[in-house]
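Here is the structure we will look at.
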Amino acid sequence: MERQVRALREIFPQLRQYFPKGTNLNAHSPERLLEVATELNQRPRRTLGGITPAAALQKLLPNPPEPSVATTA
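Everything in the sequence shown is counted per numbering that gives the first Met the number 0, starting at 0 for the first residue and increasing by one.
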C-alpha cells in the first residue's frame, strides 16, 4: 500500500503539467489522453529505480511474445 501511495504522489504533479487541478478529463479526446499517458510512461520513475514503467514491465515479462507474421503458402 505504501508503494502505491508513493507512486500516486509522484504521478499527480506530472499530470498537473498537462491538466490543471479540477480539469474534467471527459473534455479531452481519447487520443489526447493516450498521448499524455505515453509521454508519462516514457519518463523514468524514482520509485522504479530510475527506469521507465515500460522498462519495468519488460523486466517482469521474461519472454515477451514474438509478433506473429502471416505467411502465404
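Glycine included, each C-beta is placed from N, C-alpha and C at the ideal position.
Check whether the stretch 34-48 touches the stretch 0-14, taking contact to mean three or more Cβ pairs, one atom from each stretch, closer than 8 Å. yes
Identified DSSP bridge partners for Ile10: Answer by DSSP bridge pairing: none, since Ile10 is not bridged.
In the DSSP output, which residue or residues are listed as bridge partners for Arg44? According to DSSP, which records beta bridges pairwise, Arg44 is partnered with Ile50.
Spatial neighbours of Arg45 within its chain, please: CB distance less than 7 Å, with the 5 preceding and 5 following residues excluded, ordered by chain position. Glu9
DSSP three-state call for Thr22: helix, strand or coil? The DSSP-derived three-state label of Thr22 is coil.
Residues near Arg5 by beta carbon distance below 8 Å, same chain, minus five either side: The residues are Thr46.
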